[in-house]
Amino acid sequence: MIRKLIYTTIITFLLHASWAFAGTEGSEELKKSNSPDSTKECFEGVSRAMFKFNHALDKVIFKPVAKGYRALPAPIRKGTGNVVDNLRSLLTMSNNVLQGEFGRAGNNAARFGINTTAGILGVFDPATKLGFEDHGKEDFGQTLGAWGADTGCYFVLPILGPTTTRDAIGLVGNVFIDPIYQITHNTKIENGVVGNSTYSEHNYYYYRGTGAVDFRAKNIESFESLEENSIDLYASLKSLYLQNRAKKIANSTSTVATQDDSDWEEIEN
Amino acid sequence: MKKKFFIIIFLIFSFSQKGFGYSSDPKQFITEIVDEAKKILVESNTKEFKTKKLSEIALRTVDIKGVAYYSLGKYRKNLNDEQLTEYHKLFEKYFLKSFTSRLSDYSDPKIDVHSTEVLNPKYTIVKSLLLATDKKPEVKIEWRVYTKNPDKPLIRDLIIEGLSLARTQKEEFASVIESNNGDITKLFDTLKEFVAK
Chain A
17 MIRKLIYTTI
27 ITFLLHASWA
37 FAGTEGSEEL
47 KKSNSPDSTK
57 ECFEGVSRAM
67 FKFNHALDKV
77 IFKPVAKGYR
87 ALPAPIRKGT
97 GNVVDNLRSL
107 LTMSNNVLQG
117 EFGRAGNNAA
127 RFGINTTAGI
137 LGVFDPATKL
147 GFEDHGKEDF
157 GQTLGAWGAD
167 TGCYFVLPIL
177 GPTTTRDAIG
187 LVGNVFIDPI
197 YQITHNTKIE
207 NGVVGNSTYS
217 EHNYYYYRGT
227 GAVDFRAKNI
237 ESFESLEENS
247 IDLYASLKSL
257 YLQNRAKKIA
267 NSTSTVATQD
277 DSDWEEIEN
Chain B
4 MKKKFFIIIF
14 LIFSFSQKGF
24 GYSSDPKQFI
34 TEIVDEAKKI
44 LVESNTKEFK
54 TKKLSEIALR
64 TVDIKGVAYY
74 SLGKYRKNLN
84 DEQLTEYHKL
94 FEKYFLKSFT
104 SRLSDYSDPK
114 IDVHSTEVLN
124 PKYTIVKSLL
134 LATDKKPEVK
144 IEWRVYTKNP
154 DKPLIRDLII
164 EGLSLARTQK
174 EEFASVIESN
184 NGDITKLFDT
194 LKEFVAK
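Spelled out as structure tokens, the structure:
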């Protein structure tokens with residue numbers, strides 16, 4: 017039981033910590049009320065202490081794990097990343113539907129079908145070559161944002177890392193709408209819910225943990241550079257996290273939409 | 004005599020364009036900077052050489068004063084002339100150290116400058132792609148180019164995968180000032196420490 021708890025905690029941290037690093041997909045319109053610098057702290061002192069704790073944990077556990085993973089041959093890492101992304105696309109699909117993005121949901125369904133079959137369980141990505149482009153990941157925090165929910169305040173959770181009120185609620189919501197979570201956590205077929213002992217809970221955490229390690233490994237240098245060049249690492253990560261979340265909620269690729277130009281106007285005076 | 008004069012003027016102009024000038028077209032401007040940086044960031048060059056040369060490029064192509072103002076945000080108006088002069092000097096050192104440190108670790112980067120988006124007469128976004136390697140994924144890099152003087156464009160921000168470095172820096176500076184009860188001299192101390200380390 018304790019082993020399971022520790023395992024779950026580590027995986028959850030990895031999953032969440034990865035969101036704090038430089039983002040990789042998505043975009044949107046920055047409304048004043050949702051702009052990153054208008055997000056207040058909930059309890060900064062506690063959050064800074066939690067941040068220090070998480071940062072120390074990253075140094076002794078997660079970064080070495082990511083470096084070990086980086087030592088694997090590139091094709092293995094690429095294939096692993098593809099498998100994880102393919103499974104993750106199911107959660108994205110659920111959120112596409114909840115956001116009314118039916119075109120993207122269809123695109124993701126096609127990607128999942130093609131990559132799971134022709135791509136040999138997602139190891140390869142023939143869907144992109146066939147024109148089904150990857151539009152990035154979605155989660156329930158983004159869906160809440162798309163529905164107009166306010167960001168709330170910013171805080172850092174022990175182990176779980178940076179978040180906001182909205183994203184913390186989204187984290188819980190993900191559990192209910194992630195098909196992989198539902199399949200792996202329903203070990204019997206009950207009321208038509210698919211699941212059996214083959215799909216044990218552990219598989220869910222293996223998949224999410226691998227995805228987090230893959231992401232951390234891809235960003236080792238970015239994070240080191242940030243550590244080296246920040247005069248306040250906590251503030252830097254907060255800014256990047258909030259910009260990244262705002263960008264993802266807007267689902268736009270235009271820089272005009274994601275960056276608030278009025279900021280630059282003030283220096284003209 | 005008149006002909007000779009024009010030839011001399013022409014030669015001086017040609018030399019200055021080749022030696023120090025960059026294109027006034029934002030996309031070409033960034034392409035030239037990227038090409039220049041690529042030559043510097045070859046593996047055989049020492050880190051010291053890379054740092055020196057990248058600093059020279061930054062001094063010529065980045066609106067460091069503009070970025071300095073932007074990074075200070077609303078606190079700029081609280082500074083007197085003497086503090087502003089001190090801040091500019093400090094910021095330039097901080098910026099060059101931070102900028103060159105971020106870039107000098109790259110060796111032989113492959114950057115494809117592919118398109119532009121004109122925001123307004125003052126700003127154009129130049130879009131580029133840092134191509135993936137075995138270890139690093141592909142990265143979208145956008146350059147906010149200040150075009151108020153159309154003959155001399157200057158870089159004001161780098162937007163990496165949609166995340167603005169200038170905004171991050173501004174929020175970092177604000178955090179240092181606010182956590183010291185609005186005392187801007189504490190930011191100066193922090194910048195001095197960074198430059199000295």
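Here the protein sequences come in this chain order: A and B.
Residues 17 to 285 (the numbering used here) make up the first sequence, in order.
Residues 4 to 200 (the numbering used here) make up the second sequence, in order.
Glycine included, every Cβ here is placed at the ideal spot set by N, Cα and C.
Because the structure is a prediction, the values reported are computed rather than measured.
Taken in chain order, the complete beta strand (DSSP E) segments of 3 or more residues contained in the region 59-127 of chain B are 114-123. Out of 100(A), 86(A) and 158(A), the CA that lies nearest to the CA of residue 116(A) is found in 158(A). Nearest neighbour of residue 36(B) by Cα position, chosen from 104(B), 100(B) and 146(B), turns out to be 146(B).
Along the length of the region 110-196 of chain A, whole beta strand (DSSP E) runs at least 3 residues long occupy 170-173 and 177-180, reported in chain order. Per DSSP, the unbroken beta strand (DSSP E) holding residue 157(B) starts and ends at 157-163. Residue 217(A) and residue 103(A) have their C-alpha atoms roughly 15 Å apart.
The three-state secondary structure of residue 88(A), taken from DSSP, is coil.
Here residue 217(A) carries a helix assignment [DSSP, helix/strand/coil]. For residue 166(B), DSSP records a beta bridge to 163(B). When C-beta atoms of the region 70-78 of chain B are compared with those of the region 117-131 of chain B, fewer than three pairs fall below 8 Å, so the two segments do not count as touching. Assignment of residue 243(A) by DSSP, reduced to helix, strand and coil, places it in the helix class. About 5 Å separates the Cβ atoms of residue 156(A) and residue 190(A), confirming a contact at the 8 Å cut-off. The beta carbon of residue 151(A) lies closer than 6 Å to those of 120 in the same chain, with the five residues before and after it left out.
For residue 257(A), the enclosing alpha helix (DSSP H) starts and ends at 249-266. Residues of chain A whose Cβ lies closer than 8 Å to the Cβ of residue 175(B) are, in chain order, 246, 247, 248, 251, 252 and 255. Under the Cβ distance rule, residue 73(B) counts among the residues neighbouring chain A, one pair being separated by less than 8 Å. When only Cα atoms are considered, residue 252(A) and residue 105(B) end up about 15 Å apart. In the structure shown, residue 181(B) falls within a helical segment according to DSSP collapsed to helix, strand and coil. In the structure shown, residue 143(B) falls within a strand segment according to DSSP collapsed to helix, strand and coil. For residue 267(A), no Cβ of chain B is located within less than 8 Å of the residue's own Cβ. The criterion of a C-beta distance shorter than 8 Å is satisfied by residue 103(B) and residue 58(B).
Going by DSSP, residue 61(A) is part of the alpha helix (DSSP H) stretching over 60-73. Between residue 71(B) and residue 94(B), the CB-CB gap stays under 8 Å.
Pairing residue 126(A) with residue 233(A) gives a Cβ-Cβ distance that is not under 8 Å.
Bounds of any alpha helix (DSSP H) do not take in residue 76(A), whose DSSP letter is neither H nor E. The Cβ-Cβ distance between residue 236(A) and residue 93(A) does not fall below 8 Å. The beta carbon of residue 200(A) lies closer than 7 Å to those of 215, 216, 217, 219 and 220 in the same chain, with the five residues before and after it left out.
Contacts with chain B at 8 Å (Cβ-Cβ) include residue 237(A). Per DSSP, the unbroken alpha helix (DSSP H) holding residue 278(A) starts and ends at 278-281. Of all residues in the region 118-135 of chain B, the ones placed with a Cβ closer than 9 Å to any Cβ belonging to chain A are 120, 122, 123, 125, 126, 128 and 130, in chain order. Annotation: the continuous alpha helix (DSSP H) that includes residue 192(B) extends over 187-199. Counting C-beta atoms within 10 angstroms of its own C-beta, residue 89(A) has fewer than 16 neighbours from the protein chains shown and is therefore classed as exposed.
The three-state reading of DSSP puts residue 133(B) in strand, counting E and B together.
Distance between residue 151(B) and residue 279(A), taken at the CA atoms: about 16 Å. Contacts with chain A at 8 Å (Cβ-Cβ) include residue 138(B). Distance from the Cα of residue 198(A) is smallest, within the candidate group 110(A), 79(A) and 149(A), for 110(A).
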